[in-house]
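Novice: Here the sequence shown stands for residues -19 to -1, 1 to 212, numbered as in mature numbering (1 follows the signal peptide of the UniProt record, and there is no 0). Glycine included, C-beta positions come from ideal geometry on N, C-alpha and C. As the structure is a computational prediction, the values presented were derived from the model and not from experiment. Dropping the structure in here first, questions after.
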Amino acid sequence: MHNVVRSLLVSLTAAAVVAAGFGQVAEAATWSSSDKWGTWSNGGYTVRNDVWGSGAGPQSIWANSYSNWGVWADHPNTGGIKSYPHSAKNVGRTLSSLRQVSSSFNVSRPGSGAYETAYDIWANNNAYEIMLWVNKQGAVGPLGTKQTTASVGGHTWDVYKGSNGSNAVFSFLRTSNTNAGTVDILAVMNWIKARGWFGDVTLGEVQFGFEITSSSGGLNFTSNSYSVTSS
């Protein structure tokens, strides 16, 4: 009888976790939060739920580490970015003082909704924003106008230049989607510098995550691994 009761309780608990949108992975997660500004520090990185857009629905984040984390998000099928759950590493050095900055990623992502998997890189106290879109799904597009197509940092990108009203934005959209790879971030930054778009800027946070516009019905986004190396 005790075994039956225990099995029933385990089944009910598992069902409740799935209903909450976390799934089995997050049941054993080291950290989780449904707070729109939920934040967790781990291993020199910061993981953020970052539900910042208007008209957003519920979003829950879980993390086993700065490298392995994910969200369940149920944002309505409306325009405008709802959230950017991400993991971030602050570099805090000028481009000229750096010998290398590289990052590797591996994600599992849904085949519906509207979002991109992207790096959001900040420089000079957020005066400059550099986005690297490694994949995109649905009706999403970058700010600004297309400048060129360039092969830099180990990938080929369509490059856009614009502004969000607060800072300059340079968006690099990979010409084909990928769910895993390594990016030479310093090479991308020096490419921008060589074009005269900024000078010897101080590289701030290198963020990586999912910029979600819509995920109606509830979708799961997972960072299987992510890391930044600099010297």
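I believe S196 touches H56 by the beta-carbon criterion, under 8 Å. Please report the beta-carbon distance rounded to the nearest angstrom.
Specialist: So it is a contact: roughly 5 Å between Cβ atoms.
Novice: How far does the beta strand (DSSP E) with A99 in it extend, from its first residue to its last?
Specialist: First-last of the beta strand (DSSP E) with A99: A95 to A104.
Novice: Alpha carbon to alpha carbon, how far is A9 from T194? Give it in angstroms, no decimals.
Specialist: Each residue's alpha carbon lies about 28 Å from the other.
Novice: Of all the options S35, W33 and V52, which has the alpha carbon lying nearest to the alpha carbon of S41?
Specialist: With distances taken between Cα atoms, S41 lies closest to V52.
Novice: Is DSSP giving L167 helix, strand or coil here?
Specialist: In the structure shown, L167 sits in a helix (DSSP, three-state: H, G or I).
Novice: Under a three-way DSSP split, which group does L76 fall into?
Specialist: Here L76 sits in helix by DSSP.
Novice: Since A131 contacts W138 with CB under 8 Å, what's their CB separation in whole angstroms?
Specialist: Indeed, because the Cβ distance is near 6 Å, the residues count as touching under 8 Å.
Novice: Does DSSP put A9 in a helix, in a strand, or in coil?
Specialist: The answer is coil: DSSP assigns A9 none of H, G, I, E or B.
Novice: Answer with buried or exposed for S89, where buried requires no fewer than 16 other C-beta atoms within 10 angstroms of its C-beta.
Specialist: So S89 counts as exposed.
Novice: Rounded to whole angstroms, what is the Cα-Cα separation between S208 and F86?
Specialist: Cα-Cα distance, rounded: 7 Å.
Novice: Give me the Cα-Cα distance between G162 and G134, rounded to the nearest whole angstrom.
Specialist: Their Cα atoms are separated by approximately 11 Å.
Novice: Considering Cα atoms alone, identify which of W103, S48 and G177 is closest to R74.
Specialist: For the residues W103, S48 and G177, the minimum Cα distance to R74 belongs to W103.
Novice: With burial defined as no fewer than 16 other Cβ atoms inside 10 Å of the residue's Cβ, what is the status of W18: buried or exposed?
Specialist: Label assigned to W18: exposed.
Novice: Is it buried or exposed, D181, if we count other Cβ atoms within 10 angstroms and call 16 or more buried?
Specialist: Exposed, because fewer than 16 other Cβ atoms sit within 10 Å of the Cβ of D181.
Novice: What do you reckon, are the CB atoms on Q97 and V72 nearer than 9 Å?
Specialist: Looking at the sequence itself, residue 97 is Glu, so the reference to Gln does not match. Cβ atoms of E97 and V72: not closer than 9 Å.
Novice: Express the C-alpha separation of L184 and P123 in angstroms, rounding to a whole number.
Specialist: If you take the alpha carbons of P123 and L184, they lie about 22 Å apart.
Novice: Using the beta-carbon count (16 or more within 10 Å), is S13 buried or exposed?
Specialist: S13 comes out buried.
Novice: Near S46, what residues of its chain come up, given a Cβ to Cβ distance below 8 Å and the 5 sequence neighbours on each side ignored?
Specialist: Cβ neighbours of S46 beyond the five flanking positions: T11, N23 and G24.
Novice: Classify A44 as helix, strand or coil using the three-state DSSP reduction.
Specialist: It is a strand residue.
Novice: Please determine, among R29, L76, A95 and A44, the residue with the shortest C-alpha to C-alpha distance to G60.
Specialist: Ranking the options by Cα distance to G60, first place goes to A95.
Novice: Please name the residue or residues paired with R29 in a DSSP beta bridge.
Specialist: DSSP lists T20 and H67 as partners of R29.
Novice: Taking the alpha-carbon of K117 as reference, which of S15, T27 and F202 has the nearest alpha-carbon?
Specialist: Ranking S15, T27 and F202 by Cα distance to K117 puts F202 first.
Novice: With H, G and I counted as helix, E and B as strand and the rest as coil, what does DSSP make of W178?
Specialist: If DSSP states are grouped into helix, strand and coil, W178 belongs with coil.
Novice: For Q188, list the residues DSSP reports as bridge partners.
Specialist: Answer by DSSP bridge pairing, in chain order: A69 and D101.
Novice: In terms of residue numbering, what span does the beta strand (DSSP E) encompassing L113 cover?
Specialist: That run of the beta strand (DSSP E) goes Y109 to Q118.
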